[in-house]
Amino acid sequence: LSPSSASKAEKLGYKNIRVFIGGIPVWKKGKNTIYSSPAYITKSAAQKMPVVVVDVRSASKVKKGHIAGAVAYTTTELKKAKSKFPKAKSAPIIIYSDSEKQAKAAFKTVRKWGYKNASVMEGGVKAWQKAGNKLVSGKAGKKIVYVPKALPGSIAISEFKAIAKGSSNAIILDVRDDD
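Using the working numbering, the first residue of the sequence shown is number 2, and each one after it goes up by one.
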C-alpha cells in the first residue's frame, strides 16, 4: 500500500496496516511476481485499452474454454515464442493458467525478455469464471496483435514538447504527490 492508500484503508476501519514504501517499482526490481485481476482485463477491454492475454495451459484445456482474445502457448511453446511478442516492452502481458506454478514460470520467462508490465492473473481460470466472465471454446490463436494506445486524456510527446517550449497557450501543471 502507498501511504495515501493506507490512510484510506484506515478510514474504512482496517487495523494493523503496513506500508510498503518502495511500491510496485521496488517490487518489480526484486523480481517478484506481479498479479492482476480478472477485473483488470474486463476493464481494459471496456476502455478499448490493448492488453496481451496469454493462456499457458495444455491445448486440450484451452480448446475446452479460454478467455476471448487470448493467445495460447504452453510453457514449453512459450520459451520459443519470444519473436511473436510485441516489440513494445511496455506492453501489458497477462498470463493465466489453472496452475499458479505454471503461470509464474511463464511470467518469469516473459519478464526475462524485458516485458516490464507482465503479470499473472490471480486465481487463473477459476477466478475469471467466479467473477462472472465467460470462456469461449475452440482453438485460441497464436498471433499476438498489440497496437499501443494512448490513455484517455494523454497527449503525444511532440505535443508536450511544444507546450514546454511555450509555443502554446496551455500550461503544464504537475499534480503528482509523494505516492
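Glycine included, each C-beta is placed from N, C-alpha and C at the ideal position. Just so it is clear, the structure is predicted and the values come from calculations on it, not from any experiment.
Residue from the options with nearest C-alpha to residue i
i	options	result
Pro-51	Gly-66, Ile-95 and Lys-105	Ile-95
Leu-79	Lys-64, Ser-45 and Phe-108	Phe-108
Tyr-116	Ile-164, Lys-32 and Gly-23	Lys-32
Glu-123	Lys-49, Lys-102, Ser-6 and Lys-113	Lys-102
Trp-114	Ala-132, Lys-131 and Lys-83	Lys-83
Lys-150	Lys-131, Ala-46, Ala-60 and Asp-175	Ala-46
As assigned by DSSP and simplified to three states, the class of residue i
i	result
Gly-142	strand
Ala-151	coil
Val-54	strand
Ile-22	coil
Ile-95	strand
Ala-73	strand
Val-63	helix
Val-137	strand
Lys-9	helix
Pro-4	helix
Asn-170	coil
Val-176	coil
Whole-number beta carbon distance between residue j and residue i, since they are thought to touch under 8 Å
i	j	result
Val-121	Tyr-36	6 Å
Trp-129	Pro-39	5 Å
Pro-87	Val-53	7 Å
Gly-70	Ser-138	About 14 Å separates the two Cβ atoms, so there is no contact after all.
Ser-98	Val-57	5 Å
Thr-75	Ser-61	That pair is no contact at about 11 Å.
Ile-18	Glu-11	6 Å
C-beta contact flag for residue i and residue j at 8 Å
i	j	result
Val-55	Gly-142	no
Pro-93	Asn-118	yes
Ile-145	Lys-85	yes
Tyr-147	Ala-89	yes
Lys-105	Thr-34	yes
Strand pairing of residue i, partner residues [DSSP]
i	result
Asn-122	Per the sequence shown, the amino acid found at residue 122 is Met instead of Asn. DSSP, once it has assigned bridges, lists Ser-37 as partnering Met-122.
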